[in-house]
Each structure stands twice: as structure tokens, then as C-alpha cells.
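What follows is a single structure, written as C-alpha cells, with notes after it.
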Amino acid sequence: CESGLLPGALLRNSALKYVCKPVELEIVRGDTRFTRAFGARRSAVMTVGNGEGAFFADAETLARIEGEDQVLFRYADNPNGSLNDIAGLINAGGNVLGLMPHPDRAFEEELGSADGALLFQSLLEPA
24 CESGLLPGAL LRNSALKYVC KPVELEIVRG DTRFTRAFGA RRSAVMTVGN
74 GEGAFFADAE TLARIEGEDQ VLFRYADNPN GSLNDIAGLI NAGGNVLGLM
124 PHPDRAFEEE LGSADGALLF QSLLEPA
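Laid out in C-alpha cells, this is it:
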């Protein structure tokens with residue numbers, strides 16, 4: 024968002040505290056280069072670790088993001104105050120993903136979840 028590759032901005036968490044914990048995500052779209060390895064699954068668990076992870080956009084931008092199906096992941100229980108529970112979104116071209124939870128912190132069951140590995144596996148699948 025800060026580089027202009029994605030719309031919106033990331034603000035301080037609503038509680039003004041650093042949050043680090045596993046969170047459940049709703050998989051909104053499973054048909055993208057970032058989500059296809061999730062298959063028919065509609066939820067995943069990954070870890071957030073941030074103090075400035077609340078997604079914000081003005082009403083017009085938020086309506087465009089929603090209308091153009093750019094939201095890929097939503098928080099089931101929003102830990103940071105992100106508008107519309109947005110946890111991850113893609114740009115209009117579908118080739119840039121911004122995701123606040125860390126898929127690299129959910130790469131093996133020993134870490135609490137291996138769901139993050141599916142995001143990386145999605146990138147390896149042929150288009």
C-alpha cells in the first residue's frame with residue numbers, strides 16, 4: 024500500500040498494540056494465482072504479527088475494491104480493526120498480493136498451522 028502497488032493504507036491497530044497470534048481467515052476467492060492450492064477450502068489459519076496492520080481506504084476506494092473482487096482473505100475475528108475485515112487483497116491486475124497475516128509463520132503443523140504453505144504452493148502451480 025505504501026509503495027502504491029495496492030490501494031488503501033495500513034494504520035495502527037485499533038487497540039494501539041502489537042498483535043501476534045494465530046487468526047482464522049475466510050478465503051473469499053479461491054480462483055487466483057495466490058489461492059488456487061486451497062481448493063474448495065474456505066478457511067485458513069495464519070499468524071498476524073504487527074502493530075500497524077489495520078487496512079484503511081476511503082469509501083470510494085473500498086467500494087471499488089469490493090466491487091472488483093480484489094479481496095482474497097478476510098479476518099473471521101478482526102484482530103486489528105481492518106475495514107471490512109480485509110486481511111489480504113490483490114491489485115486490479117491480479118499479480119500483486121498484500122496480506123497482513125504471515126503465511127511464512129504458518130508453514131508447518133509444528134508452527135500451529137501449515138495453511139500458509141498453500142499460498143506458496145499456489146504460486147508454483149502452472150497458470
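Quick note on numbering: my numbering labels position 62 of the sequence shown as 85, and the sequence is numbered without any gaps.
Where a beta carbon is used, it is the ideal one built from N, C-alpha and C, also for glycine.
Top-ranked residue by Cα proximity to residue 79, from 64, 139, 112: Here residue 79 is taken as the residue at index 56 of the sequence shown, counted from 1. Comparing Cα positions, the closest option is 112.
Complete beta strand (DSSP E) runs within the segment 75-132 (minimum length 3 residues, chain order): 77-79, 94-98, 109-113, 120-122
Hey, residue 53 and residue 61: beta-carbon distance below 9 Å or not? Against the sequence shown, residue 53 aligns to sequence position 30. Against the sequence shown, residue 61 aligns to sequence position 38. Contact flag set, yes.
Just confirm the distance between the C-beta atoms of residue 59 and residue 136, as a whole number of angstroms; I'd bet it's less than 8 Å. As a first step, residue 59 is located in the sequence shown; it is residue number 36 there, counting from the start. As a first step, residue 136 is located in the sequence shown; it is residue number 113 there, counting from the start. About 19 Å; that fails the 8 Å criterion.
Spatial neighbours of residue 119 within its chain, please: CB distance less than 7 Å, with the 5 preceding and 5 following residues excluded, ordered by chain position. Residue 119 sits at position 96 when you count from the first residue of the sequence shown. So the qualifying residues of the chain are 28, 29, 113.
Please go through the same chain and pick out, in chain order, the residues whose beta-carbon is closer than 6 Å to the beta-carbon of residue 105, but skip the five residues on each side of it. Here residue 105 is taken as the residue at index 82 of the sequence shown, counted from 1. Spatial neighbours of residue 105 in its own chain (CB-CB distance under 6 Å, excluding positions within 5 residues in sequence) are listed in chain order as 77, 78.
With C-beta atoms as the reference, is residue 128 less than 9 Å away from residue 70? Here the question's residue 128 lines up with position 105 in the sequence shown. Here the question's residue 70 lines up with position 47 in the sequence shown. For residue 128 and residue 70, yes; Cβs fall inside 9 Å.
For residue 43, which residues in the same chain have their Cβ closer than 6 Å to its Cβ, ignoring the five residues on either side in sequence? As a first step, residue 43 must be located in the sequence shown, where it is residue number 20. Excluding sequence neighbours, residue 43 sits near 72.
Compare the C-alpha of residue 133 against each of 25, 37, 45, 26 and name the closest. The residue you call residue 133 lines up with position 110 of the sequence shown. Residue 45 is the option with its Cα nearest to residue 133.
Bridge partners of residue 44, per DSSP? By 1-based counting over the sequence shown, the position of residue 44 is 21. According to DSSP, residue 44 bridges with 71.
Can you list, in chain order, the residues of its chain whose CB lies under 6 Å from that of residue 141, leaving out five sequence neighbours each side? Locating residue 141 in the sequence shown gives position 118, counting from the first residue. The answer, listed in chain order, is 60, 61.
Hey, would you say residue 51 sits closer than 9 Å to residue 97, going by beta carbons? As a first step, residue 51 must be located in the sequence shown, where it is residue number 28. As a first step, residue 97 must be located in the sequence shown, where it is residue number 74. Their beta carbons are under 9 Å apart, which means residue 51 touches residue 97 by this criterion.
Going by C-alpha to C-alpha distance, which of 122, 101, 84 sits closest to residue 57? Taking the first residue of the sequence shown as position 1, residue 57 is located at position 34. Closest option to residue 57, Cα to Cα, is 122.
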